[in-house]
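2 protein chains.
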Amino acid sequence: MPFRFEVLHTDPSGARLGRLETPHGVIETPAFMPVGTLGTVKGLTQESLEAIGAQIILANTYHLFLRPGAELIREMGGLHKFMSWPHPILTDSGGYQVFSLAALRKVTDDGVAFRSHIDGSSHFLSPEKALEVQIALGSDVVMVLDECVESSSDKARTAAAAARTLAWAKRSLAYFGAHGDSQRQMIFGIVQGGAHRELRRECADQMVALDFPGYAIGGLAVGEPHETACEITEEVVSRLPADNPHYLMGVGRPEQIADYVARGIDMMDCVLPTRGARHGCLFTWHGRMLIRNARYANDPRPIDPECACPTCRRYSRAYLRHLFLSREILGATLNTLHNVYFYLDIMAKIRNSIGFGNLLGFCSELQARLVTSVSD
Amino acid sequence: MPFRFEVLHTDPSGARLGRLETPHGVIETPAFMPVGTLGTVKGLTQESLEAIGAQIILANTYHLFLRPGAELIREMGGLHKFMSWPHPILTDSGGYQVFSLAALRKVTDDGVAFRSHIDGSSHFLSPEKALEVQIALGSDVVMVLDECVESSSDKARTAAAAARTLAWAKRSLAYFGAHGDSQRQMIFGIVQGGAHRELRRECADQMVALDFPGYAIGGLAVGEPHETACEITEEVVSRLPADNPHYLMGVGRPEQIADYVARGIDMMDCVLPTRGARHGCLFTWHGRMLIRNARYANDPRPIDPECACPTCRRYSRAYLRHLFLSREILGATLNTLHNVYFYLDIMAKIRNSIGFGNLLGFCSELQARLVTSVSD
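Each protein sequence line maps, in turn, to chains A and B.
Per the numbering used here, residue 1 is the first one in the first sequence, and the count goes up by one each step.
Per the numbering used here, residue 1001 is the first one in the second sequence, and the count goes up by one each step.
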C-alpha cells in the first residue's frame, strides 16, 4: 500500500505520535504543513524548505486553478514535478477561498459559482470539479469540497452548511471512486458544524459512516475562544476512528498547537508563520517580535538565541530590521525561513514530548513562554 | 601587506589574469561584482551568493548613508559584520546616485547638496564625506567622489567635470591619508572625461600622478556605441600602471564583458543581472530570454540546459514563468540566482580563456552566441 498511517505511541493526554506513508515519502506526525498557496511557500526555495525539515506542504486548489491552471500542471507532470517538490503535498478543495469571496460567489446544492479575484472571470466549483482539479494536480492528500460559513452564522445556517458538506462528501467519494486512484491519492472528509457540539457530533458520525481514509476538522479557530476550539476538537476527535489521520485545518498560533495535538490532532496548517514573516512578525521562544520596532535598530543578537534556523545562525535583528524597513526581498525570505523553522521545531519538540509521555508538561511550558511578546 | 594585486598572466589581447588580496579574502580577476545596493544583493541570501562563487560584492554608499545610516553600520562593526558577508566588499562613493537625482541636487566645488529620494531630507556629500562614510562602512575598496555628467554633455562641460573630479581626488587622498587606514581599505581614483579621448588621456595621466593603489573608469557605457566605450577603455588603460587593478564601473551586457577584459579591465559591476532578473529578463548562452513569454508556459526545460546554476538544476521555464506572472518572491530569487551565476560563470570562463591565451577566441564565441535573443 502506498498509503499507510500508523500510530506509534499515544501520550496520556491523547496525543498521538505517528507516521503517514505516502507515494512521495513519509510524514512524521503530528506534522505542521507550511502553506504554499501558488505552488511556492512565499519567499522560500524548495531547497531551503528541505533544509529546515519540511516534510509536507499545503497548496491551494483555488489559486492554482486560476493560475496557472490545473490542465497546465497536469501537462507538466503534476504539481510535484511542476514546482520541483518531490515530497508529500496536500491540497485543499478551494472551498475556503471561494467562500471567502463573499459578494463574488453564489452557492447552490450543485456547487459554487464565483468570479476570479484576479480578472473577474466566471467559474464554477462543485464537489466533482474540486476533485477533478486535485486529481490533475496529483497531490498526495486531496480534500473534499465543504461549505464554510461565517463563525457568526446561527445554528440553522450552520446545520444547513454541515448537511450540504455531507451531501457533497458523498458525491466526492463517488467521483473519486470513478475517476481517482486511491493508490496515488488519499481523500479526506471534512467535519463542519461551527461551535455547536451537537452539530459537530452529528456531522462527525455521518462523515465517519462514509468511511474516508482520513478526516479533517474545518471551520475552527475562526474567532471563537481557544477553549471552545479545543473542546470542539476533542469532541470531534473522540468520534473519529483512531486508525485514521486527523487534520485540523488552518490553525494555529504557536502557543496553541500543542493543545490541539493533545486532543488527538495529527496534522495542521497555518499561514501565520509565512504571512506574519512578510509583515515583520516573528515568532520566538520568548513570544512574538515585531522586527520594525526601533529597539532592534542596533541589536546584534539573532531573532532568538535559542533558535538554530539559518536566519538565527547568521543574521542580526539590526540587519533584519533594516531589510524589513527597506522592503528588501531578503527580509521576507529570512523572516519566513525563521518562522517556518520555528513552527517545524515546535512540532518536532511536540513529537519528542509525546515520545517521552510528557506532552501536557510541554503544553504548559509553551503557554508560559510564548504568551508574552518581546515587542510589547 | 593585507592588499596585494598580482598579474599572473597576460593574454596576447592585453587581458590580465590576476588576484587581488584583501583583508577579507582573495578576488580572482577579472572579477564581476554583483550589486548589493542596500547591503543585500536583491533576492539572494549571503549563503546563496557564496554557493554560486561570488568573491566580492558592491554596495552603494548613497543608499546605505540614507538607510540605515553609516553610524549605525559602524556601531554594528562595519558592513561586513552588519550584513554577515565576511568576504570582500567594494563601495562606490555615492556620486553616481547623487548626480542621478537631477533636480534634487546642486553641485559646487565643495561638493553636492542633495535631497533624499526617500523623505526629501537635505544632505551634503563632499569628497571628504564620501570617504568618512566609506571608512565607517569598512569596505575593502573605497572609491573617491567623482563628478558624473550626462553623456550628452558638451566637451567644455565634460572637461570641467573631469577637472573637478581631479580636484576632488586630491582632497580624497588627503582625507584618506589623515583619517583612513591603508592596511584596512584600498582607495581607487576614477578617470572621467566622457567620450573625449584627449580629456580621458589628460584625466588618466593626472590621476596616475596622484598615485592611487587602484584606478577606475567612470562614465562609460552610458549610451555611446560599444566600440567607442572599448576605444576609450583601451586608451585609458594604456596610461594606467600595469601593476594596479583597473575597474570599469557599471558595465556591462554579457556579450560585452570580454571585450573590456581584452582591453585590460580587471573588475566590473553591473545591475543588469539583478535588475533584469526581477523584470523577468534572463541571460543565457543562447541570448536573452523574457520569461513572461507565452511560449514558456508549458516548457519543462531549464532556463539554459548548459547552465549549472541552482535554478537551472531544479526548476523549469514553465514554473519560473508562473512565479513571474504571479509576482511571487521566489521568481525574483530564482531568476536572480541564475543571472548572477551566469555573469560569474562568464567571468570564470574568461579567466580560463586568458589562462589558455585565447581570450579573443572566446570574445568571438560570446559575440556569436549571445547577440541573438531566445525570445525575439
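Glycine included, every Cβ here is placed at the ideal spot set by N, Cα and C.
Because the structure is a prediction, the values reported are computed rather than measured.
What are the residues that DSSP puts in a beta bridge with residue i?
i: B/Lys-1106; result: B/Ala-1113
i: B/Val-1141; result: B/Leu-1090, B/Met-1186
i: B/Leu-957; result: Nothing can be reported for residue 957 of chain B, as the shown portion of chain B is limited to 1001 through 1376.
i: A/Gly-287; result: A/Thr-284, A/Trp-285
i: B/Thr-1010; result: B/Arg-1016
i: A/Val-191; result: A/Ile-217
i: B/Leu-1248; result: B/Ile-1217, B/Met-1268
i: A/Phe-356; result: None, per the DSSP bridge assignment.
i: A/Gly-78; result: None; A/Gly-78 has no bridge partner.
i: A/Glu-21; result: A/Arg-4, A/Val-26
Applying a beta-carbon distance threshold of less than 7 Å, which residues of chain B neighbour residue i?
i: A/Asn-298; result: Leu-1072, Glu-1075, Met-1076
Show which residues of chain A have a CB atom less than 8 Å away from the CB atom of residue i.
i: B/Glu-1047; result: Pro-310, Arg-314
i: B/Arg-1067; result: His-322, Leu-325, Ser-326
Whose Cβ in chain A lies nearer than 9 Å to the Cβ of residue i?
i: B/Arg-1275; result: In chain order: nothing, as chain A lies at least about 13 Å away.
i: B/Tyr-1343; result: Here the premise fails: no neighbours, minimum Cβ distance about 19 Å.
What are the start and end residues of the alpha helix (DSSP H) that includes residue i?
i: B/Tyr-1319; result: 1317-1325
i: B/Ser-1172; result: 1155-1179
i: A/Ala-258; result: 254-261
i: B/Arg-1200; result: 1197-1209
i: B/Ile-1232; result: 1226-1239
i: A/Tyr-96; result: 95-100
i: B/Glu-1306; result: Run containing B/Glu-1306: none; DSSP gives neither H nor E here.
i: A/Ala-51; result: 46-51
i: A/Pro-68; result: Segment: none, A/Pro-68 is in no alpha helix (DSSP H) and carries neither H nor E.
i: B/Thr-1311; result: 1310-1314
Could you check if residue i is buried or exposed, using at least 16 other CB atoms within 10 Å of its CB as the buried criterion?
i: B/Glu-1071; result: exposed
i: B/Val-1371; result: exposed
i: B/Asp-1304; result: buried
i: A/Thr-333; result: buried
i: A/Gly-53; result: exposed
i: B/Val-1271; result: exposed
i: A/Gln-183; result: exposed
i: A/Ser-126; result: buried
i: A/Gln-367; result: exposed
i: A/Gly-361; result: exposed
i: B/Arg-1288; result: buried
i: B/Met-1001; result: exposed
i: A/Thr-29; result: buried
i: A/His-279; result: exposed
i: B/His-1009; result: exposed
i: B/Asn-1352; result: exposed
i: A/Gly-218; result: buried
Where do the N-terminal and C-terminal ends of the beta strand (DSSP E) with residue i fall, by residue?
i: A/Asp-398; result: Residue 398 of chain A lies beyond the residue range present for chain A, which begins at 1 and ends at 376; the question has no answer from this structure.
i: A/Ile-217; result: 214-217
i: B/Ser-1126; result: From DSSP, B/Ser-1126 is part of no beta strand (DSSP E); its letter is neither H nor E.
i: B/Thr-1029; result: 1025-1029
My assumption, with CB atoms under 8 Å, is that residue i sits in contact with residue j. Please give the rounded CB distance.
i: B/Met-1076; j: A/Ala-318; result: 6 Å
i: B/Arg-1074; j: B/Ala-1136; result: 4 Å
i: B/Asn-1060; j: B/Thr-1045; result: Their Cβ separation, rounded to whole angstroms, is 19 Å, which puts B/Asn-1060 and B/Thr-1045 out of contact at 8 Å.
i: B/Ala-1161; j: B/Gln-1192; result: 6 Å
i: B/Met-1143; j: B/Phe-1176; result: B/Met-1143 to B/Phe-1176, Cβ: 11 Å. No contact.
i: B/Val-1261; j: B/Leu-1359; result: 7 Å
i: B/Ile-1291; j: A/Lys-42; result: Actually they are not in contact, since the Cβ atoms of B/Ile-1291 and A/Lys-42 sit about 19 Å apart, beyond 8 Å.
i: B/Gly-1250; j: B/Asp-1266; result: Not really, about 15 Å apart at Cβ, beyond 8 Å.
i: B/Ser-1121; j: B/Leu-1145; result: No, B/Ser-1121 and B/Leu-1145 are not in contact; Cβ-Cβ is about 20 Å, not under 8 Å.
i: A/Ile-118; j: A/Leu-64; result: Contact doesn't hold; Cβ gap of about 12 Å is too wide.
Anything in chain B within Cβ reach of residue i, meaning under 9 Å, just list it in chain order.
i: A/Ile-329; result: Thr-1040, Lys-1042, Gly-1043, Leu-1044, Arg-1278, Ile-1329, Ala-1332, Thr-1333, Thr-1336
Starting from the beta carbon of residue i, find every residue of chain B whose beta carbon is closer than 8 Å, and list them in chain order.
i: A/Ala-318; result: Pro-1068, Leu-1072, Met-1076, Phe-1082
Tell me, please, whether the CB atom of residue i is closer than 8 Å to any CB atom in chain E?
i: A/Ala-167; result: No chain E is present in this structure, whose protein chains are A and B.
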